[in-house]
Structures are given as structure tokens and as C-alpha cells.
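Novice: I have a structure I would like to understand better, so I am pasting it below and will then ask my questions one at a time.
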Amino acid sequence: MIAEKIQAHSSVAASVRRENNFSMLHFIGALMVVYGHQWALLGGSPPAWLGNSVSTLGVKMIFVITGYLITQSYLRECRFGRYMLRRLIRIYPALIFCVVGSTVLLSIVSTLPSETYFHWSWRYVADNLLLRPNYTLPGVFESNIYPNAVNGSLWTMPVEVSMYVVVGGLLHLLLLVFPRDAEKRFKKPAVWIYAAFVLAVCGAGLAYKFSGRSLVIGFWGTDWIAALDVAPYILLGSLYCIADLKKYCNLQVAFVLVVLASCLEIPYTEAVTMAVVPYCVLSFSVTEKPVFRDWFRKNNIAYGVYLWGFPLQQLVLYVLRDHIAALSPNDAFLISLFPILLMAWLSHHLIERPIESDLKKLLIRS
Numbered sequence: 092m093i094a095e096k097i098q099a100h101s102s103v104a105a106s107v108r109r110e111n112n113f114s115m116l117h118f119i120g121a122l123m124v125v126y127g128h129q130w131a132l133l134g135g136s137p138p139a140w141l142g143n144s145v146s147t148l149g150v151k152m153i154f155v156i157t158g159y160l161i162t163q164s165y166l167r168e169c170r171f172g173r174y175m176l177r178r179l180i181r182i183y184p185a186l187i188f189c190v191v192g193s194t195v196l197l198s199i200v201s202t203l204p205s206e207t208y209f210h211w212s213w214r215y216v217a218d219n220l221l222l223r224p225n226y227t228l229p230g231v232f233e234s235n236i237y238p239n240a241v242n243g244s245l246w247t248m249p250v251e252v253s254m255y256v257v258v259g260g261l262l263h264l265l266l267l268v269f270p271r272d273a274e275k276r277f278k279k280p281a282v283w284i285y286a287a288f289v290l291a292v293c294g295a296g297l298a299y300k301f302s303g304r305s306l307v308i309g310f311w312g313t314d315w316i317a318a319l320d321v322a323p324y325i326l327l328g329s330l331y332c333i334a335d336l337k338k339y340c341n342l343q344v345a346f347v348l349v350v351l352a353s354c355l356e357i358p359y360t361e362a363v364t365m366a367v368v369p370y371c372v373l374s375f376s377v378t379e380k381p382v383f384r385d386w387f388r389k390n391n392i393a394y395g396v397y398l399w400g401f402p403l404q405q406l407v408l409y410v411l412r413d414h415i416a417a418l419s420p421n422d423a424f425l426i427s428l429f430p431i432l433l434m435a436w437l438s439h440h441l442i443e444r445p446i447e448s449d450l451k452k453l454l455i456r457s
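Be aware that the sequence shown starts at 92, since it is given in my numbering, and climbs by one per residue.
Here it is, written out as C-alpha cells:
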């Protein structure tokens, strides 16, 4: 019986992976983050679209996909505890490998003796595994153009996990009050309440951004006001799933929206971004003939690319510090790409895939 459950679950999961372009677009989003960071690490300003740097746009694309998929995950079982366990199983193996692995790797470039370095580096490891972003390792990258920063990508981790709780918690409450019908569709009051919450969060983010005021609400190493720039995109992706809005997604319409948004002088660009990015991302992801569906079925390395990009880019710039004047952002990006893809591949095949598979089997048996 247990074996049948595992096989059935694996078949459903495989079907979900194969019949869409989510993995491909997740990979593209991760590369956009890495490419945008390359400009900043060389002291420049990255390309932008609708007021968003290419790295920020990549994060927003990833968050739309995340919101859609975690909502699907919750609705498969509608059990908050198991849902959160699945999310943490997805997050932590690769995160532990990256944080611990990069700490050991970067000991070779620290200006401090090894004993001193490892005595103090525990704080970096502990903070980041507790999802409290810490960006510095003792004596590492002090002379880089973007000094001391080891892994700037980790700032999104507490935001993402917090949104896991928000999405799962809200869905749990709504389903207690408004159970789904026999066909497992959401009742209209539940959809409207969820939509109102999503729009309220989006509105709060827009109001702050358009106000031009400077406000910081810091907690657990994160500026939660700044987080309003990206957190709504997880909710928007989730709303597309809850309200079954994917039936309105169309690649041709998405193309027209991108062209119009790119060519027209539209005020309040972030509001346009909130409307266009989720629609275009999901139109590409759930298209009728997902030609990229099998590209990353066995090598879904996007998360590893996202995690390892920043420290390896900094390491490459440190090694090539005497030649930086001759490096363009494109050159540095291409040089960094091979070690990033290699570590992402190792992370997926040696850490993420085997650990997630074993833990999920235990979860199914329970």
C-alpha cells in the first residue's frame, strides 16, 4: 500500500513537472539574478525594465512561479504541517550545502589564519541557516569592488519562507470556513477574500513605493518594508492558482503586453510590473505545448544557480583582481558561469535530489 502511494505521488509530481515550462523559466530567472549581480559586483548599474533591475526582475519571476507551485502543493493534501515540511525539505538541503560549503571554500581567500577564520565563521553559518541573513565572513573579499559581501542572494530566504507560512495559513483558514465543493473548486467567497488580501498587500507595497518616503522595519536581519517590493509576487502567483486564472493566459497576449510595457511611457511602473510579470510568466509556463518541459526534468539546477551565483562571482573577481579593469560584466558573467553551473549540478544530484527523495518517502509513509 505504501509503495503504491509513493508511486502514485511520484507519477503526479512527474506529470506536473513535465507538462509545463516552470523549471525552464525558474532557471532563466536565476540566471537573470546572477547576471544582474555581476554588474553590481563590478560597481555598475545593471540593465533595467519598468524600473526593475534585471536581478530584481529575476527574483519576481521566481516568486511568481513559487507562489503558484506552493499553492498547488498545499491543495494536494490541505494539511498545513505536511505542506510546511515539504517546503522546508525543498529549501534546506541546498541551503545547508551552500552556506557550509562556501564557508569552507572561501577559507582559502580569507586574510585571517585558518584557526581564527573558522573560530568566527560559525556566526555566518548559524545566522543563515536560521534564515537571518548574514553577508560577511571574516577576512573574505575585503578588497573586492563590492567589499565583504559573500552571498547577497540570501536576503530573499526569510521573505520566501515567511510567505510560505502566509499562503499556507490563509488557505488553511479559508478552507476551514469555506470547504471546497465536490469537484474541489474554491467557493467564490473564499476566492474573493483571498484576492482582497493579495490586492491589499500589493496596494501597501505600491503606496510605500509611490510615496517616496524612507522607512525601515527591521527584524531578524531583514527590512520587511523593502520586502514588499518582491513578496507580493508570491501572492500573485498563488492567486492565479486559487482563482484558476491560468485559463486566461495566452502567449500572444503576453507578447503584446511586454511590447506595450516596453515602448510606452507608462507612469506607476511597479503597478504595471505587478500586472504584466505574473501574466507573462504563467502564460509561458502553462502554455498548451510546453516545448521546454523536459529540459530540466532530471537536472533542475535553478535553485543551486541562485544560491551559488553570488559567492562564486565574488571569488572569480577576487582571483582575477589584477585584470578587473579589462573585464566587462558580460565577460565576468561568462567566466563565472561554468563554476556556478558545476556547483548547482553537484548540489542537485548529490544533495537536493537524494535527500528530498528520501525525506519525502518518509513523509508519505507517515
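Glycine included, each C-beta is placed from N, C-alpha and C at the ideal position.
Quick one, which of 398, 222, 249, 209 has its alpha-carbon nearest residue 230's?
Specialist: Comparing Cα positions, the closest option is 209.
Novice: Is there contact between the region 141-157 and the region 109-121, where contact requires at least three CB pairs shorter than 8 Å?
Specialist: These segments touch.
Novice: Please classify residue 143: does DSSP put it in a helix, a strand, or coil?
Specialist: Of the three classes helix, strand and coil, the one that applies to residue 143 here is strand, per DSSP.
Novice: Taking one C-beta from the region 385-399 and one from the region 346-357 each time, how about it: are there three or more such pairs within less than 8 Å?
Specialist: Short answer: they don't touch.
Novice: So within the region 336-403, which uninterrupted alpha helix (DSSP H) runs reach at least 4 residues, ignoring any that extend past its ends?
Specialist: Qualifying alpha helix (DSSP H) stretches, in chain order: 342-354, 360-376.
Novice: Residue 329: buried (16+ other C-beta within 10 angstroms of its C-beta) or exposed?
Specialist: Residue 329 is buried by the Cβ-count criterion.
Novice: From the DSSP output, read off the bridge partner residues of residue 309.
Specialist: Residue 309 is bridged to 314.
Novice: May I ask you to report which of helix, strand or coil DSSP gives residue 247?
Specialist: Helix.
Novice: Would you decide whether residue 151 is buried or exposed? Buried here means 16 or more other CB atoms lie within 10 Å of its CB.
Specialist: Buried is the call here.
Novice: How is residue 97 classed by DSSP in three states: helix, strand or coil?
Specialist: Any answer about residue 97 is weak, because its pLDDT of 41 lies below 50 and its placement is not dependable; what the coordinates show is given next. DSSP places residue 97 in helix when its eight states are reduced to three.
Novice: Is the CB-CB distance between residue 248 and residue 220 below 7 Å?
Specialist: No.
Novice: Taking 7 Å as the limit between beta carbons, can you name the residues of its chain near residue 453, skipping five residues before and five after?
Specialist: The answer is none, since no qualifying residue turns up.
Novice: Looking only at its chain, what residues have a beta carbon closer than 7 Å to the beta carbon of residue 95, apart from the 5 residues adjacent to it on each side?
Specialist: Note that residue 95 scores 41 on pLDDT, short of 50, meaning its location in the model is unreliable and no value can be drawn from it.
Novice: Apply the 10 Å Cβ neighbour rule to residue 443 and answer buried if 16 or more other Cβ atoms are within range, or exposed otherwise.
Specialist: Under this definition residue 443 is a buried residue.
Novice: Between the C-alpha atoms of residue 199 and residue 409, what's the straight-line distance to the nearest angstrom?
Specialist: The straight-line gap from Cα to Cα measures roughly 11 Å.
Novice: Applying the 10 Å Cβ sphere with the 16-neighbour rule, what's the burial state of residue 206?
Specialist: Exposed, since its Cβ has fewer than 16 Cβ neighbours within 10 Å.
Novice: Just confirm the distance between the C-beta atoms of residue 296 and residue 264, as a whole number of angstroms; I'd bet it's less than 8 Å.
Specialist: In fact, because the Cβ distance is near 22 Å, the residues do not count as touching under 8 Å.
Novice: Within a Cβ cutoff of 8 Å, which residues of the same chain sit near residue 375, ignoring the five residues on either side of it in sequence?
Specialist: Around residue 375: 112, 116, 342, 345.
Novice: Under 8 Å by Cβ, that's how I've got residue 172 and residue 145 pegged, so tell me the actual separation to the nearest angstrom.
Specialist: With a Cβ gap of about 38 Å, residue 172 and residue 145 do not count as contacting.
Novice: Grouping DSSP H, G and I as helix and E and B as strand, with all else coil, what is residue 162?
Specialist: Residue 162 falls in the helix class under three-state DSSP.
Novice: Could you tell me if residue 104 is buried or exposed, where buried requires 16 or more neighbouring beta carbons within 10 angstroms of its beta carbon?
Specialist: Annotation note: pLDDT 42 at residue 104 (below 50); position unreliable, coordinate value reported separately. So residue 104 counts as exposed.
Novice: If I'm right that residue 396 touches residue 324 with Cβ under 8 Å, what's the distance once you round it to whole angstroms?
Specialist: That pair is no contact at about 19 Å.
Novice: DSSP on residue 202, reduced to helix/strand/coil?
Specialist: The answer is coil: DSSP assigns residue 202 none of H, G, I, E or B.
Novice: Taking the alpha carbon of residue 403 as the point to measure from, which residue in 390, 412, 430 has its own alpha carbon closest?
Specialist: When each option's Cα is compared against that of residue 403, the closest is 430.
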